[in-house]
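This report concerns only the one structure given below.
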Amino acid sequence: MTGDDQNPKGGALAAARAALFSSRQAPKIATTQAAHVLERKYGNNRQAMAAAYGVTPTAVGRWLNGRRTPRGEDAEQLRHEAAEVQTTERGRERRARQVERAGTGANASVSRATTFSVRGSDAIRSQDVPIHLSAAQIAELIRAEDEETARRVIGGGIADYFNRGAVYARWAPEDFDFDPESFTLG
-10 MTGDDQNPKG
0 GALAAARAAL
10 FSSRQAPKIA
20 TTQAAHVLER
30 KYGNNRQAMA
40 AAYGVTPTAV
50 GRWLNGRRTP
60 RGEDAEQLRH
70 EAAEVQTTER
80 GRERRARQVE
90 RAGTGANASV
100 SRATTFSVRG
110 SDAIRSQDVP
120 IHLSAAQIAE
130 LIRAEDEETA
140 RRVIGGGIAD
150 YFNRGAVYAR
160 WAPEDFDFDP
170 ESFTLG
């Protein structure tokens, strides 16, 4: 699978966390978002946050005091990171164990799943794929730390969908590519 591991606009991991932790929504106000991200992701280090956004530490300070509001890609990245920091590692682990104990998976869908040159042919062209993720896959998605892990888990769900019922099918998660923005859970 291909993709940008550091997709600031969201992606499959952000969609999964929003669905799995619906009560943990990111703040709507940019100053609060900036404060949460600065504290929880960058350890109150304005220089580190400024470097991640490609702005000056003064600009970060202005976001915090409300004199300026991030725009464009900075605003998208801030919204994504504000949602990301709403769940702690401990909280994700607790939720993953709950899912594993319950033993039930979840339905999801991926739009525009594609693969090319699988065993020498264009076997699957772009299409919407309804998938079912097992409890183990959901738990792995909850524990995911990065976009690539989330893409691998979802790719596994797509492979399971195409392998279902076929005796000789051997699709693997890495055989598929999909638009991470098109992933929906539930």
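For the sequence shown, position 75 (counting from the first letter as 1) is numbered 64 according to the working numbering, and the numbering increases by one without interruption.
Built from N, CA and C at the ideal position, the CB exists for glycine as well.
Strand pairing of Asn54, partner residues [DSSP]: Beta-bridge pairing links Asn54 to no other residue.
Gln22 versus Ile127: straight-line alpha-carbon distance, rounded: 27 Å
Limits of the unbroken beta strand (DSSP E) element including Phe172: 172 to 174
Ala3 - containing alpha helix (DSSP H), residue span: Annotation: the continuous alpha helix (DSSP H) that includes Ala3 extends over 1 to 9.
Residue(s) in a DSSP beta bridge with Ile18: The partner list for Ile18 (beta bridge, DSSP) is empty, contrary to what the question assumes.
Pair within 8 Å by beta-carbon distance, Ala4 and Leu122: Taking the C-beta atoms as reference points, Leu122 is found no nearer than 8 Å to Ala4.
Which residues DSSP lists as bridging Asp63, in chain order: Its beta-bridge partners do not exist; DSSP assigns none.
Close Cβ partners of Arg57 (< 7 Å) along its chain, the five nearest in sequence each way excluded: Ala48, Arg51
For Val118: DSSP bridge partner residues: Val99
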